[in-house]
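Under the working numbering, the sequence shown has 233 at position 81, and the numbering climbs by one with no breaks.
Backbone N, C-alpha and C define an ideal beta-carbon position, used for all residues, glycine too.
Since this is a predicted model, take the numbers as computed values, not measurements.
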Amino acid sequence: MAHITIIMKNIEEILGTENLERIDCPFCSSAGAERCRTIADIVKCGGCGIIYLRSRLNQSSQFDLYQKYAEGKSHMSPPSGKEKMASSPLRRDGFLYELLEFVQPNGKLLDVGCGWGAFLDNARGRGFEVMGLEVTRNTIDFAKNNLGLDVSDNAITDIDCRPGTLQAITMIHSLEHLPAPSRRLPNPTNFSARAACYAG
Ligand SMILES: [Zn+2]
153 MAHITIIMKN IEEILGTENL ERIDCPFCSS AGAERCRTIA DIVKCGGCGI IYLRSRLNQS
213 SQFDLYQKYA EGKSHMSPPS GKEKMASSPL RRDGFLYELL EFVQPNGKLL DVGCGWGAFL
273 DNARGRGFEV MGLEVTRNTI DFAKNNLGLD VSDNAITDID CRPGTLQAIT MIHSLEHLPA
333 PSRRLPNPTN FSARAACYAG
């Protein structure tokens with residue numbers, strides 16, 4: 153019964169008001185909204201009608217949370233040996249196969265939220281010049297030190313996305329983690345002819 157007690161508490165009680173921020177609509181910036189769920193602060197925007205999470209972890213609490221995201225038995229934890237590294241499902245063979253239907257691997261691929269670099273390593277093996285962005289420190293260190301990958305904690309807005317510089321941007325289970333995706337992502341129409349942003 154313990155878990156029932158927990159979910160009946162509201163979000164402020166569970167996470168602490170000091171760790172939360174309340175946002176306006178991320179799409180139309182309207183502050184008017186009606187709550188449509190009773191447990192989490194999930195609301196319907198009075199301006200555009202989209203449903204969004206209004207109260208959420210603030211930036212520093214999000215950062216702290218993501219530093220623990222790939223520890224212990226987490227599926228995002230770096231692998232313990234070469235065999236596990238080579239057989240990891242995070243290499244995303246299926247996604248890479250689909251991507252190669254659209255893009256020839258002869259340019260730069262940027263993976264946003266690349267974790268310990270499994271997909272980047274796979275894409276590099278197919279011919280892409282790869283780079284990755286990540287916030288979780290232990291996975292950045294693993295990607296750099298164990299796989300020799302170009303991975304940093306830079307913001308995507310710091311990356312040169314002018315036409316012709318990137319062949320593809322990939323985001324695998326990452327888009328939903330961005331606090332303001334419409335402001336953080338470069339416009340795919342700025343890319344060169346066969347490039348775009350692929351979310352998996
Ligand atoms: Zn709205």
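Between the beta-carbon of THR288 and that of TYR350 there is about 21 Å, and that puts the pair past the 8 Å contact cut.
Assignment of THR322 by DSSP, reduced to helix, strand and coil, places it in the strand class.
Contact check for SER212 against GLY198 fails: the beta carbons are separated by 7 Å or more. TYR221 sits in coil when the DSSP states are folded into three classes, being neither helix nor strand.
The beta carbons of PRO178 and ALA332 sit closer together than 7 Å. Beta-bridge partners of GLY284 (DSSP): ASP263 and VAL303.
Relative to the Cα of VAL303, the nearest Cα in the group ARG314, ASP216, MET283 and THR322 belongs to MET283. Collapsing the DSSP output to three states places ARG187 in a strand. Bridge partners of ILE194 according to DSSP: LEU205. Taking a C-beta distance under 7 Å as the contact criterion, ILE308 and VAL255 do not qualify as a contact pair.
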